[in-house]
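Colleague: The structure follows.
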Amino acid sequence: MLMSPSPSSEDAAETDATAFRAHNLSPFRTPALDLSPSIIQILFEFCPDPYFVFDERGVLECNHAMLELLGYPNKAALVGHHPAEFSPPLQPDGRPSLEKGIELTNKAREEGYLRFDWVHRRRDGRMFPVEVTLIPVQMDGRTVMVAMWHDMTLRSRTEQALRDSEQQFRTLVQNIPGASYRCENDADWTMYFISDGVKELTGYPASDFLVNNVRTYASVIHPDDRGLVEDLVAEGVSNHQPYVMEYRIVRADGRERWVREKGQGVFDRKGDLRWLDGVIFDITDRREAEEQLRAAKDAAESADRAKSEFLANISHEIRTPMTAILGYAELLADPDLNAQRRRECLNTIKRNGSHLLAMINDILDLSRMESGRLAVQHIACDALSILHEAVDQIRPAAEQSGLRVTIDPRWPLPATVKTDSARLRQILLNLAHNAVKFTSRGHVTFTLRCDRFALPHRYRIDVEDTGIGIPDTRLEAIFRPFSQADGSATRPYGGAGLSLCISRRLARALGGDLTVQSTESVGSRFTVTFDPGNLDQADWITSPADEPSTSLPLNAKPGVAAATPPLPPLPDGKLHGRVLFAEDNPDTRNLLSLMLRRIGLTVDVAEHGEQLLDLASRAQKQGTPYDVILTDVQMPRMDGLTATRQLREGGYHWPIVAITAHAMSIHRNQCIDAGCDDYLTKPVQRLRLMNVLRRYMATPA
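The sequence shown maps to residues 1118 to 1818 in the working numbering.
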């Protein structure tokens, strides 16, 4: 029960305290030392730890340290008050301070000694923790309690700081990517601590690695890298330096991952190693990105070298025929040149011009392929006839070199296939030219096969030669852009290094492929395959006698039936009719006008689209329309397609043929959509021009 002091009780308390000090501190005396009451009083009063004496009536006596700790100026403020009055209403465990204080006091009387933690309150209201020691003492036949306080504020702050520090450490460790560890420097790397991040890293929980319950960390290191890890750790420890290393681990699911570990040894004052501390990170994504970057860098450097070689080669390939063209053109200006020599000059100019045109076409084809704009058309055609056409073109060069050229059809073969005849012809011409170009003696053989029972159907053509062959190291390189089997400046064979690259891409666009087998100094065999379309209802040729007598014309347009016969030859190479020709370039205008007049046509010329529109409209009104209009697409003031649209809108229904330097299928479609009937690409060849005009004009009677 808490006692409230009164004047009489205060006097009594003072008397009791005096008696306590003078006569009843005998329990604190030792047998070996008999201290006087004054000495005991001094020790009690000036002890640095707070002391006080109390009974059921309240505090009887306290020392100066107690007053300082509670913040009271004198003892009168404490005497007569129960210690629980200097406490908050509730203790940290939620129990009322007075109730708990009486319980602990009774327990101390029973046990003769008790130590416990308590929270008191200073005079200014601030709380502070203490460690209380209670000792029951007999005084004048009754029991009083001697209480000693030990201020735990510093310890409490220290413990809280430690808890906060530990929490911060745990939070930090848990948020560090990878795994943090402390381990023994032994063969197993026995773990004292390892963070939970090890589960994401290895697939095993942290508990597996602690105290070697299940496994050691050394067991997850890739066997091929374990020796390297041990050596690097040993080197770092021996030099008292951090170690950094990258190695592989094997996860629980069997996958290999790359990790980066950074750690160091922790040493005591004597320099002896206590343990290893470190962190381990997963760097697999970074390693893979670095590998991809290196591969991309190597590919870019290789492509750059190839393009540099290509530019050097293409410069040579362009300048060489241009030298011949310009040189022989200059020779033609010599008035003393005889007719035979003039023909030789003209043939040389034509041959080198054709070489330049083929090279330009290759470059344009590659550009279309790189940009994904290559279009193929699947129409009925005769693959054997297309091969014959290609062989006919290379036969003169082969005969000049003394080569035997043969075509070996392996019957049966389908009479027609559905593919892009122009692209197939381009592939076979490239392969045929290369075979003759790189073969100085022996033969070139073309073999055709198509298994009617194999599904899916594939048409196969082998081009075999007895030429110089290709080194094994260059077999795939020859199909890369700007690459050749021999890229040196001293190579004996010219070329831009594009034909095989283009041919393979064309073959794949046709549903097949282009492959090669070769032995150096023995020869090569190139195999082109393509999808011939559905052959279930096809006519199969079983012998040469079954071969049809007709085939597609060289310049067949899409939609023309496979059995359309070629145009009959002109009796004297002449045409008859009136032509309107629009071209802004004076050289081209004069050249084609001369060409048209030499084949028997009457020619009117226009320099731009507005003039073409005026001349054509006037002729239509006069009832004398032109048999054919030939118009350049790109012209000043008004282009050829705009003029064509306006003519068609005005009711003009006579033939119009577009002429353009653009050779892509999209440009052909633009011309047809504008109202043109046909389409010619520059440079315009005389035979091609005549074949187109013959479709729309009459021959002389």
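Just so you know, even glycine gets a beta-carbon here, dropped at the ideal spot from N, CA and C.
From the DSSP output, in three-state form, read off residue 1316 for me.
Modeller: Residue 1316 falls in the helix class under three-state DSSP.
Colleague: Name the two residues that bound the continuous alpha helix (DSSP H) containing residue 1252.
Modeller: Looking at the DSSP string, residue 1252 is not in any alpha helix (DSSP H); the run it does join, the beta strand (DSSP E), is 1244–1256.
Colleague: Residues bridged to residue 1536 by DSSP?
Modeller: BP columns for residue 1536 point to 1496.
Colleague: For residue 1111, count neighbouring C-beta atoms within 10 Å of its own C-beta (all shown protein chains included) and say buried if the count is 16 or more, exposed if not.
Modeller: With the chain covering only 1118 through 1818, there is no way to say anything about residue 1111.
Colleague: Does the structure place the segment 1503–1517 close enough to the segment 1462–1479 that three or more beta carbon pairs sit under 8 Å?
Modeller: Flag = no, the segment 1462–1479 and the segment 1503–1517 do not touch.
Colleague: Does the separation of the CB atoms of residue 1370 and residue 1320 fall below 8 Å?
Modeller: Yes, the Cβ-Cβ distance between residue 1370 and residue 1320 is below 8 Å.
Colleague: Below 8 Å, can you find three or more Cβ-Cβ pairs linking the segment 1791–1804 to the segment 1719–1735?
Modeller: At 8 Å Cβ cutoff, the stretches do not touch.
Colleague: Quick one: residues in its chain with C-beta nearer than 8 Å to the C-beta of residue 1706, no 5 flanking neighbours on either side, listed in chain order?
Modeller: For residue 1706, where only same-chain residues beyond five positions count, the Cβ hits under 8 Å are 1698, 1700, 1722, 1724.
Colleague: Identify the continuous beta strand (DSSP E) that holds residue 1297 and give its terminal residues.
Modeller: Counting along the chain, the beta strand (DSSP E) containing residue 1297 begins and ends at 1296–1300.
Colleague: Does the segment 1478–1485 come close enough to the segment 1519–1536 that 3 or more CB-CB pairs lie under 8 Å?
Modeller: No, the segment 1519–1536 is not in contact with the segment 1478–1485.
Colleague: Just tell me which of 1534, 1334, 1711, 1627 has its CA closest to the CA of residue 1307.
Modeller: Among 1534, 1334, 1711, 1627, the Cα nearest to that of residue 1307 belongs to 1334.
Colleague: Threshold first: 4 residues or longer. Then list the alpha helix (DSSP H) segments lying entirely within the segment 1725–1813, N to C.
Modeller: As far as the segment 1725–1813 is concerned, its whole alpha helix (DSSP H) runs of at least 4 residues are 1726–1738, 1757–1766, 1782–1791, 1803–1811.
Colleague: Quick one: what does DSSP say residue 1569 is sitting in, helix, strand or coil?
Modeller: Residue 1569: coil per DSSP, three-state reduction.
Colleague: Is it buried or exposed for residue 1237, if we count other Cβ within 10 angstroms and need 16 for buried?
Modeller: Label assigned to residue 1237: buried.
Colleague: Could you name the residues of the same chain whose beta carbon sits closer than 7 Å to that of residue 1391, not counting the 5 residues immediately before and after it, in chain order?
Modeller: Only 1383, 1384, 1385 meet the Cβ criterion.
Colleague: Classify residue 1379 as helix, strand or coil using the three-state DSSP reduction.
Modeller: Strand.
Colleague: Please classify residue 1244 as buried or exposed, where buried requires at least 16 neighbouring CB atoms within 10 angstroms.
Modeller: Per the 10 Å Cβ criterion, exposed.
Colleague: Just the Cα atoms here: how many angstroms apart are residue 1175 and residue 1310?
Modeller: Approximately 53 Å, taken between the alpha carbons.
Colleague: Using the Cα positions of residue 1491 and residue 1627, report the straight-line distance between them to the nearest angstrom.
Modeller: Their backbone Cα atoms lie some 11 Å apart in a straight line.
Colleague: Can you have a look at residue 1542 and say buried or exposed, based on whether 16 or more other CB atoms are within 10 angstroms of its CB?
Modeller: Residue 1542 is buried by the Cβ-count criterion.
Colleague: Can you list, in chain order, the stretches of the beta strand (DSSP E) that have 3 or more residues and sit fully within the segment 1635–1660?
Modeller: The qualifying runs are 1640–1647.
Colleague: How many angstroms separate the CA atom of residue 1358 from the CA atom of residue 1389?
Modeller: The straight-line gap from Cα to Cα measures roughly 14 Å.
Colleague: If distances are taken between C-alpha atoms only, which option among 1406, 1393, 1536 comes closest to residue 1302?
Modeller: Nearest option by C-alpha distance: 1393.
Colleague: Classify residue 1638 as buried or exposed, calling it buried when 16 or more other Cβ atoms lie within 10 Å of its own Cβ.
Modeller: Looking at its Cβ environment, which holds fewer than 16 other Cβ atoms inside 10 Å, residue 1638 is exposed.
Colleague: Put residue 1531 into one of helix, strand or coil per three-state DSSP.
Modeller: The answer is strand: DSSP assigns residue 1531 an E or B state.
Colleague: Let's see if you can read the secondary structure: which residues bound the alpha helix (DSSP H) around residue 1352?
Modeller: Residue 1352 -> alpha helix (DSSP H) spans 1340–1355.
Colleague: Can you tell me whether residue 1775 is buried or exposed? The criterion is at least 16 other CB atoms within 10 Å of its CB, across all chains shown.
Modeller: Counting Cβ neighbours within 10 Å, residue 1775 comes out buried, since at least 16 surround it.
Colleague: Exposed or buried, residue 1678, counting other C-beta atoms within 10 Å across all chains shown (16 or more means buried)?
Modeller: Only weak support exists for where residue 1678 lies, its pLDDT of 30 falling under 50; the value from the coordinates is given anyway. It counts as exposed.
Colleague: Please work out which residues of its chain come closer than 8 Å, Cβ to Cβ, to residue 1624, disregarding the five sequence neighbours upstream and downstream, and give them in chain order.
Modeller: Cβ within range, chain order: 1544, 1630, 1631, 1645, 1646, 1647.
Colleague: With a Cβ-Cβ cutoff of 8 Å, do residue 1730 and residue 1708 count as a contact?
Modeller: Against a cut-off of 8 Å, the Cβ pair of residue 1708 and residue 1730 comes out as no contact.
Colleague: Compute the beta-carbon to beta-carbon distance between residue 1353 and residue 1381, rounded to the nearest angstrom, for a pair I have assumed lies under 8 Å.
Modeller: Right, the Cβ-Cβ distance comes to about 6 Å (below 8 Å), so this counts as a contact.
Colleague: How about residue 1322 and residue 1264: do their beta carbons lie closer than 8 Å?
Modeller: Against a cut-off of 8 Å, the Cβ pair of residue 1264 and residue 1322 comes out as no contact.
Colleague: Since residue 1368 is in the alpha helix (DSSP H), which residue starts that stretch and which ends it?
Modeller: Looking at the DSSP string, residue 1368 is not in any alpha helix (DSSP H), and its letter there is neither H nor E.
Colleague: For residue 1269, which three-state DSSP category applies?
Modeller: Residue 1269 falls in the coil class under three-state DSSP.
Colleague: Given a cut-off of 8 Å on the beta-carbon distance, is the pair residue 1366 and residue 1350 in contact?
Modeller: Cβ atoms of residue 1366 and residue 1350: not closer than 8 Å.
Colleague: Less than 8 Å between the C-beta atoms of residue 1442 and residue 1477, yes or no?
Modeller: Not a contact, by the Cβ cut-off of 8 Å.
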